[in-house]
Amino acid sequence: MPAPLLGDVFPNFEADTTIGKIKLHDYLEDSWGILFSHPRDYTPVCTTELGRAAELNPEFAKRNVKMIGLSIDSLEAHHGWSTDILAYNNDDNVSKFPFPIIADEKRELAVSLGMLDPNEKDQTGMPLTARCVFVIGPDKKLKLSLLYPATTGRNFYEILRVIDSLQLTAQKRVATPVDWKPGDRVMVPPNIPEEEAKTIFPDGVYTKELPSGKKYLRYTPQP
Ligand code: BEZ
């Protein structure tokens, strides 16, 4: 199973998780999915990341996105560590961790999905999982991937932001510019001719004048 590239159908793997055995496509049903790995249970950066992921789970759910974590630790470790994460979040009244975590103890999934960080090793010299993120669409195709080393924690608000962009651009023929957030103006992609743009975007297209005279910087209100 080669590491998936953008547009590939994501491998329909089977895995042991904290909610039992899952087959990825069946678990996702018609939802979007985010599969993300972390290096090790009971480690500081991972605890802050999974804490934020658990806190933001309702925001992902609102966007019809199912979350799945993965590391090379055991189910027993995942269950024990989940309690620590909820305590770190001060979630005293939450007893159940909000999404499943895969136990990839043999590193089979991590290897096949290209999730390992060769620079971070365990006591036996085996590489740990990096901080990998895959966003999978309802068509089961890979829409986005991120790969951070073990020593750099991710920003889960940014992952929500890119999901907003992915979901908008899956529905509308627009692209989102730097630092875009929902409600901001969006860009008309270069492959839409000027005349067609006028009909597709009835709220108007603003073209910024540039020294080259080329009319490629076109904005429209978010449809
Ligand atoms: C951490 O989660 O704190 C961590 C894990 C592996 C390497 C470096 C940091």
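Mapping of the sequence shown onto this note's numbering: position 78 corresponds to residue 80, and the numbering continues sequentially without gaps. Heads up, the beta-carbon is just placed ideally off N, CA and C, and yes, glycines get one too. None of these values were measured; they are calculated from a predicted model.
| Would you say C48 touches ligand 1, meaning its beta carbon is less than 6 Å from a heavy atom? | Translated into the one-based positions of the sequence shown, residue 48 becomes position 46. Because some heavy atom of ligand 1 lies under 6 Å away, the Cβ of C48 counts as near it: yes.
| Do R42 and ligand 1 come close, with the Cβ less than 6 Å from some heavy atom? | For this step, residue 42 is matched to residue 40 along the sequence shown. R42: yes, Cβ under 6 Å from ligand 1.
| 8 Å contact criterion, which D119 and L130 should meet: CB distance rounded | Here residue 119 refers to the residue found at position 117 when the sequence shown is read from its first residue. Here residue 130 refers to the residue found at position 128 when the sequence shown is read from its first residue. The Cβ separation is near 6 Å, so the contact holds.
| query | Between the beta-carbon of M189 and the beta-carbon of P179, is there less than 7 Å? | reply | Within the sequence shown, residue 189 is the residue found at index 187, counting from 1. Within the sequence shown, residue 179 is the residue found at index 177, counting from 1. Note that the C-beta distance between M189 and P179 is below 7 Å.
| At a cut-off of 6 Å, is A79 close to ligand 1 when judged by its beta-carbon and the heavy atoms of the ligand? | Counting from one through the sequence shown, the residue named residue 79 turns up at place 77. A79: no, Cβ never under 6 Å from ligand 1.
| task | Return the Cβ separation of E122 and S76 in integer angstroms, given the expectation that the two are a contact with Cβ distance under 8 Å. | result | Within the sequence shown, the letter at position 120 stands for residue 122. Within the sequence shown, the letter at position 74 stands for residue 76. About 19 Å separates the CB atoms of E122 and S76; that is not less than 8 Å, and the two are not in contact.
| F12: first and last residue of the uninterrupted alpha helix (DSSP H) it sits in | Along the sequence shown, one-based indexing puts residue 12 at 10. F12 -> no alpha helix (DSSP H), and no H or E assigned at all.
| task | Flag A152 as yes when its Cβ comes closer than 6 Å to any non-hydrogen atom of ligand 1, and as no otherwise. | result | Mapped onto the sequence shown, residue 152 falls at position 150. Yes, the beta carbon of A152 sits closer than 6 Å to at least one heavy atom of ligand 1.
| task | For G215, count neighbouring C-beta atoms within 10 Å of its own C-beta (all shown protein chains included) and say buried if the count is 16 or more, exposed if not. | result | Within the sequence shown, residue 215 is the residue found at index 213, counting from 1. Result: exposed.
| Thinking just about the alpha-carbon of each residue, which of K23, I165, M128, I103 is nearest to the one in A63? | As a first step, residue 63 is located in the sequence shown; it is residue number 61 there, counting from the start. The shortest C-alpha separation from A63 is found at I165.
| said: Below 8 Å on the Cβ atoms is my contact criterion, and I expect I104 with A17 to pass it. Report the Cβ-Cβ distance as a whole number of Å. | reply: Here residue 104 refers to the residue found at position 102 of the sequence shown. Here residue 17 refers to the residue found at position 15 of the sequence shown. Taking 8 Å as the upper bound for CB-CB distance, I104 and A17 are in contact here, some 4 Å apart.
| request: Kindly confirm or deny that the segment 50-63 and the segment 88-99 touch, where touching means at least three C-beta pairs closer than 8 Å. | output: yes
| task | Give a single yes or no on whether T126 has its beta carbon closer than 6 Å to a heavy atom of ligand 1. | result | Taking the sequence shown and counting its residues from 1, one reaches residue 126 at position 124. Not under cutoff, so the answer is no.
| request: Please find out if some non-hydrogen atom of ligand 1 comes closer than 6 Å to the beta-carbon of T45. | output: The residue labelled residue 45 in the question sits at position 43 within the sequence shown. Under cutoff, so the answer is yes.
| query | What runs of the alpha helix (DSSP H), each 4 residues or longer, lie entirely inside the segment 46-100? | reply | Complete alpha helix (DSSP H) runs here, min 4: 46-64, 77-90.
| query | Where does S147 fall in DSSP's three states? | reply | Indexing the sequence shown from 1 puts residue 147 at position 145. DSSP places S147 in strand when its eight states are reduced to three.
| Tell me the DSSP bridge mates of Y208? | To locate residue 208, count along the sequence shown from 1; it is residue 206. According to DSSP, Y208 bridges with Y221.
| message | Less than 7 Å between the beta carbons of Y150 and R175, yes or no? | response | For this step, residue 150 is matched to residue 148 along the sequence shown. For this step, residue 175 is matched to residue 173 along the sequence shown. Going by C-beta atoms, Y150 is not nearer than 7 Å to R175.
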